[in-house]
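Student: Here the working numbering is used: the first residue of the sequence shown is 32, the next is one more, and so on.
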Amino acid sequence: VISPIKQKQGYILSIQPRTHNEVLLLSALCEAESANAALKRCVIELQATNVLNQLHCSQLRGQLANQEAKKQSKKKNGKLMSDGLPQLLSGDEVYERVMNHEKELKRVADDKKTRREERDRRSGALATWKRLEDERKRENNEQRTRYREAVGIWNEEKSKAKLSKQTFTLKKPVLGKLQPPVPRPRFNACEEDDNESAEDAIVLDENSSDDSDDE
Numbered sequence: 032v033i034s035p036i037k038q039k040q041g042y043i044l045s046i047q048p049r050t051h052n053e054v055l056l057l058s059a060l061c062e063a064e065s066a067n068a069a070l071k072r073c074v075i076e077l078q079a080t081n082v083l084n085q086l087h088c089s090q091l092r093g094q095l096a097n098q099e100a101k102k103q104s105k106k107k108n109g110k111l112m113s114d115g116l117p118q119l120l121s122g123d124e125v126y127e128r129v130m131n132h133e134k135e136l137k138r139v140a141d142d143k144k145t146r147r148e149e150r151d152r153r154s155g156a157l158a159t160w161k162r163l164e165d166e167r168k169r170e171n172n173e174q175r176t177r178y179r180e181a182v183g184i185w186n187e188e189k190s191k192a193k194l195s196k197q198t199f200t201l202k203k204p205v206l207g208k209l210q211p212p213v214p215r216p217r218f219n220a221c222e223e224d225d226n227e228s229a230e231d232a233i234v235l236d237e238n239s240s241d242d243s244d245d246e
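1. Taking only three categories from DSSP, how would you classify T159?
2. Around the Cβ of N171, are there at least 16 other Cβ atoms within 10 angstroms (buried) or fewer (exposed)?
3. For I46, does the three-state DSSP call read helix, strand or coil?
4. Just to confirm, are P216 and A156 a CB contact at a threshold of 8 Å?
5. Could you compute how far the alpha carbon of R152 sits from the alpha carbon of K101?
6. Is there contact between the segment 207-216 and the segment 161-178, where contact requires at least three CB pairs shorter than 8 Å?
7. Going by the CB atoms, is the gap between I46 and L57 shorter than 8 Å?
8. Using the Cα positions of Q103 and Q94, report the straight-line distance between them to the nearest angstrom.
9. My output table needs one value for L206: the three-state DSSP class, helix, strand or coil.
10. From E187 to W160, what distance separates their C-alpha atoms?
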């Protein structure tokens with residue numbers, strides 16, 4: 032630690048020189064004192080810069096340590112020891128850690144398998160529903176086409192009967208009942224991912240536009 036600048040040997044600098052040599056010596060002493068004071072100011076500035084750098088580095092180390100701790104808490108690295116460094120453990124402690132570690136690995140693997148099977152099940156159910164919906168739309172469209180053709184023929188026959196002044200008794204064709212929408216498979220909100228939700232929303236929009244003409 033560098034102490035603050037202090038005035039030293041002030042009584043010497045206040046001496047009145049009497050000879051030429053004393054004047055030279057006193058002048059040299061004043062120059063030396065000024066040079067020492069300047070050097071000490073430089074050292075103090077460097078020391079202050081070093082202190083600020085240490086504070087900044089300490090703050091950065093703390094932030095990095097917090098970030099590493101958060102990463103470790105969110106995702107485990109699959110190691111028996113959290114930091115991966117060698118440690119001295121007793122036999123019982125090693126056995127307990129190994130058993131807990133294997134249980135955790137098995138739990139993670141089972142969760143992944145369950146989620147994968149659930150995704151496959153949802154995908155299969157949605158694929159079947161989509162296929163049935165496409166068939167329903169196709170059959171309804173064919174029924175509408177047949178209905179329009181029958182109405183067109185009916186209108187022609189009606190016009191012919193009117194021109195020939197004959198009684199027209201043929202009933203107007205009716206569309207009939209269309210197939211209702213196939214119930215969509217329902218899943219818990221927490222089980223559906225974003226991609227499936229987006230795809231289902233598109234399918235529902237197509238349904239609504241398709242069935243709007245059923246009446």
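Even for Gly, the Cβ is constructed at its ideal location relative to N, Cα and C.
Tutor: Taking the coordinates as given:
1. In the three-state reduction of the DSSP assignment, T159 falls in the helix class.
2. The residue in question, N171, is buried, as its Cβ has 16 or more Cβ neighbours within 10 Å.
3. Shown here, I46 sits in coil according to DSSP, grouped into three states, outside any helix or strand.
4. Yes. Within cutoff.
5. Computed Cα separation, rounded: 34 Å.
6. Three or more beta-carbon pairs separated by less than 8 Å link the segment 207-216 to the segment 161-178, which places the two stretches in contact.
7. In this structure, L57 sits near I46, with a CB-CB distance shorter than 8 Å.
8. Distance between the alpha carbons of Q103 and Q94 is about 14 Å.
9. Note: L206 maps to coil in three-state DSSP.
10. Distance between the alpha carbons of E187 and W160 is about 41 Å.
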